[in-house]
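See below for the structure under consideration.
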Amino acid sequence: MTARSLFIPVTLFLVIAFLIGPFLIIVAASFSAGETLAFPPQGFSLRWIAKVFTVESFRASFGMSLFLAIGGTAAALVLGIPASYALSRYKLPGAEIVRTVVSAPIIVPGIIVGLALLRYIVVPFQVGITPALFLAHTALVLPYAVRVVSASLDNLRSDIEEAAVLLGSSRLGAFFRVVMPNIRGGIMSAFILGFVTSFNQVPVSLFLSGPGVRTLPVDMIAYMEIVFDPSVAALSSLLAFLSIGIVFLAERFLGFSRYV
Amino acid sequence: MFQNRTEALALALPAAIFAAAVFLVPVVILLSDGFRAPAGGWTISAYTDFFSNPLNQAVFLRTLRLGALVTIASAVIGYAAAFAIVSLEPGAKGKVTGLVVLPLMISPVARTYAWIVILGRTGIVNQAFQALGITEAPLRILFSETAIFIGLLQLFLPLMIISLISALENMPKDAIPAARVLGANWFQVFWKVVLPLTKEGLVIGGTLVFTGSLTAYITPAILGGSKVLMLETLLYQQVSVSNNFVAASVIAFILIVMSFAANILLKRVATARNKQRSPQ
Amino acid sequence: MNKVILASGAALMLTIGAAQTPALAQQKTLTISVYALAQDEYKQIVYEPFEKICGCKLVVETGNSVERIAKMEANKANPVVDMAVVSMADALAASRAGLIDKIDTSKLSNFGKLYDVAKDPNKDGMSVGYTFYATSIAYRSDKMKIESWADLLKPEYASHVAWPNVTTNQGPPALYMLGQALGKDTPDLKAPIEAVGAKKGELVTFYEKSSQLVQLMQQEEIWAAPIGRFTWAPFTKLGFPIAWAMPKEGQTGGMNVMILTKGAKNQELALQFMDYWLSTEVQTKLAEKLIDSPANKDVKLSDAIANNLTYGEETAKSLKLIPSAVALDNRAGWLKTWNEKVGQ
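Chains as they are written, first to last, in my numbering: chain A, 1 to 260; chain B, 1001 to 1280; chain C, 2001 to 2344.
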């Protein structure tokens, strides 16, 4: 029994130390006075945090990344929720094909996606940089949207909406009144997963970004091509704290972790 | 199950058409370059050429090996962690899950640099090893397969843990106590009860981890570099140094096939367990 | 359907205030493509003053040389950027691919002030050098003594050396100098690659990004690495005795050049911008911030600044550069040999 009661805390401690350790180094470096990442950090200062806000291109690319992550994920959900519903509740002809097509973006290396889109969509159809990035990010998030929403639909018993339909509700009405409230957490998880995927996306954005339009990770990599100073660490910590804030609020109001 | 086909298609087609037009068609055109013969017609000679080169064979095997090791390690650790997490109080569960998800939100580039600090010769791991007397001279962990393994595991373990948490939560609550009452030991409980009931989570998590490990670029490039080439590093070289898009599409297609194969293999493994269980 | 997505995207843009201010239809726009280095300083010293002079708007693309050339190639039929700055070898590659036009140097009032080596680096009239840099070895003078490029491979040093990967801008020049030190300097770099390959177990790493090196130097993981002079400044701030080697084989290096996109919409404006960038005033300011070593011979610098740059015509001439054509013709071969000897 002792072995078992020790198992849980020890496992959790080791796993979390492994997963969070690098993050702590990054946070420590953000407040360091030194010129590089170091542990223990060399002195304390806020200069790297301050520097993040003075690098002008970070602001523009942060806006772009936020737009792509929110807009792309929202668009993916608009496309993905009906598709998930069809996959989960209907006898859909060619269901496996639909599932494979919408999931495909996960398994193709990002460099190839970026290159293919640039050569066969952006150039021939003269798509602007921002719309191209938007389309690409929507496609990249779609697999997560369909997968997570399908999973939460599969966990929801289908007889409630069938009952609602039998009781005279329209199919659409049943969906919005009965199904949506119950998969809210699943949608929220899909949104967060999609947001994170889009926000950290590098290779696809690398090829599709262009003059005046860049995403934050691409900008960070460009900045780090030559110099790596703790301002990149500071930026990463700020973003992580922002994400923690969002997740905390989502958890608080929607209890999403039950559905992840 | 609703039977209305038109309705089903109306719901599913927008997503499918979008993914096909924006993603699948351009990628397929690009990949088809790898099968085109210079004189017209189709050929697989680019692939036979690729695999006849001993360097490519070595890189292919290393990529496969690292992908498999990361997937297996994340499955083993993932089950332990997911068990521990689902057994927590609801409030604590949410917080711990949050901590597990946290690394997903940190830029892979910054994370990789943190590993340089941790794994270096003067880094924390070596300091601890030397203090404990495990090793006298500092170990060279950085820029090796071990470093890539550690980096990839940290990058993708959260995906496995999350998939397994939801799988374990959907498992009937009395399955484990019932098996224990019937006299099964913990190993048997895991093998005969838990694994079959959580196979969906394992297949999803395993596919995500394996595919992620194959297609990660930054981690192997910085923690391994050209000392420890991976397929993705070769792919990147072909695109951005040699501008050889045919060679690039060959490597990309190999990576895609590997991902599909892993997915099928994982499904097989999980189903094989299931069949063993059913006669009981 | 795309319209719906775009419309909802546009709506989102407005709500989160991320809308890129679109260039006014009447206003002239010049699109330039540059290295990501020190963009805040460039903005202050070059871009904003130029926008005031020309009454136009500058749109900037950043990235490494090869990636940006690849994009220019993809957009060949309908060029996006008007001018770009790239490495000498990439300029030749762009010229061979038919991506760029001859530069009419009679329109550059500052052309006569350039060092001769910068005037037409590839001897084809397609590019003008704006900065050059030496590549040598940064090393811990308390730990080692570097007199030759071959010293880096000495058994007592090799396990504390990072070597540039062959795919980086510093890789081939460093190998070229090692070849000279070994007395086997064929253009295929076979001997130096083999020599490096033989030591691959000991060498710390083959670096991809110079930013890694500062970190590794600070952790004392490495004591020495071949680097370009433009990345030197951060090493001086680490608090270690770090010296810039003057190997007996000499220093190598590279030159960055300006090119003009073929069929660009604003060639006149692009030439005006190039001329401004080459002016004594702008070149002096960029040098004083330790960003670019000047290619304009009228630039006068204090010793303190000059010592941290690659300054003066004599220095420029003494650099042993790999000719662009050699670099371009051998690139694929170098990578192949490298992967075989180092990657396996």
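We put the CB at the ideal spot given by N, CA and C, even for glycine. Because the structure is a prediction, the values reported are computed rather than measured.
CA-CA distance, residue 2227/C to residue 185/A, rounds to 52 Å. Beyond the five residues adjoining it in sequence on each side, residue 2054/C comes within less than 8 Å, by CB distance, of 2028, 2030, 2269, 2272 and 2273 in the same chain, given in chain order. Listed along chain C, no residue sits closer than 7 Å to residue 1211/B by beta-carbon distance, the nearest being about 23 Å off. Going by beta carbons, residue 98/A and residue 83/A fall inside the 8 Å limit.
Here residue 2143/C carries a coil assignment [DSSP, helix/strand/coil].
Scanning the region 2206-2247 of chain C from its first residue to its last, the whole alpha helix (DSSP H) runs of 4-plus residues come out as 2210-2218 and 2233-2236. Between the alpha carbons of residue 2192/C and residue 2336/C lies a distance of about 14 Å. In this chain, the alpha helix (DSSP H) harbouring residue 164/A covers 159-166.
Residue 1259/B counts as buried, since at least 16 other C-beta atoms from the protein chains shown sit within 10 angstroms of its C-beta. By the rule that beta-carbons nearer than 8 Å mark a contact, residue 228/A touches chain C.
Taking 8 Å as the threshold, the shortest C-beta distance from residue 37/A to chain C falls below it. When 227/A, 234/A and 18/A are compared, the shortest CA-CA separation from residue 2035/C is found for 227/A.
For residue 1036/B, the three-state secondary structure derived from DSSP is strand.
Using a C-beta cut-off of 8 Å, the region 31-47 of chain A makes no contact with the region 156-174 of chain A, since fewer than three inter-stretch Cβ pairs fall below that distance. The Cβ-Cβ distance between residue 1071/B and residue 1210/B falls below 8 Å. The shortest C-alpha to C-alpha distance from residue 141/A to any of 89/A, 112/A, 123/A and 195/A is the one to 195/A. Distances from the CA of residue 115/A to each of 2139/C, 2068/C and 2154/C were compared; the closest alpha carbon is that of 2068/C.
Going by DSSP, residue 2326/C is part of the alpha helix (DSSP H) stretching over 2324-2342. Counting only Cβ-Cβ distances below 9 Å, residue 1063/B has no contacts in chain A at all, with the closest Cβ about 12 Å away. Our two residues, residue 183/A and residue 1166/B, have alpha carbons roughly 14 Å apart in a direct line. Nearest Cα to residue 2158/C within the set 2283/C, 2070/C, 2202/C and 2138/C: 2202/C. Unbroken alpha helix (DSSP H) runs of no fewer than 4 residues, entirely contained in the region 126-193 of chain A, are found at 129-155, 159-166 and 171-174, following chain order. The three-state reading of DSSP puts residue 2161/C in strand, counting E and B together.
Taking a cut-off of 8 Å on C-beta distances, the region 2071-2085 of chain C touches the region 2252-2259 of chain C, as three or more cross pairs fall below it. Residue pairing by DSSP places residue 2137/C opposite 2226/C in a beta bridge. Measuring C-alpha to C-alpha distances from residue 1146/B to each of 1212/B, 1023/B, 1115/B and 1198/B identifies 1115/B as the nearest. In terms of Cα proximity to residue 1120/B, the closest of 2341/C, 2313/C, 2343/C and 2220/C is 2220/C. Within the region 1095-1109 of chain B, the residues whose Cβ lies closer than 8 Å to any Cβ of chain A are, in chain order, 1096, 1097, 1098, 1099, 1100, 1101, 1102, 1103, 1104, 1105, 1106, 1107, 1108 and 1109. A straight-line Cα-Cα distance of about 10 Å links residue 1028/B and residue 120/A. Looking at the DSSP output, residue 2253/C shares a beta bridge with 2134/C.
Going by DSSP, residue 2084/C is part of no alpha helix (DSSP H) but of the beta strand (DSSP E) stretching over 2083-2087. Taking a 10 Å sphere around the C-beta of residue 2109/C, we find fewer than 16 other C-beta atoms and assign the residue as exposed. The DSSP-derived three-state label of residue 212/A is coil.
Against chain A, the beta carbon of residue 1004/B has neighbours under 8 Å at 90, listed in chain order. Runs of beta strand (DSSP E) with 3 or more residues, each lying fully within the region 2045-2069 of chain C, are found at 2057-2062, listed in chain order. Counting of Cβ neighbours within 10 angstroms places residue 125/A among the exposed residues, the total staying below 16.
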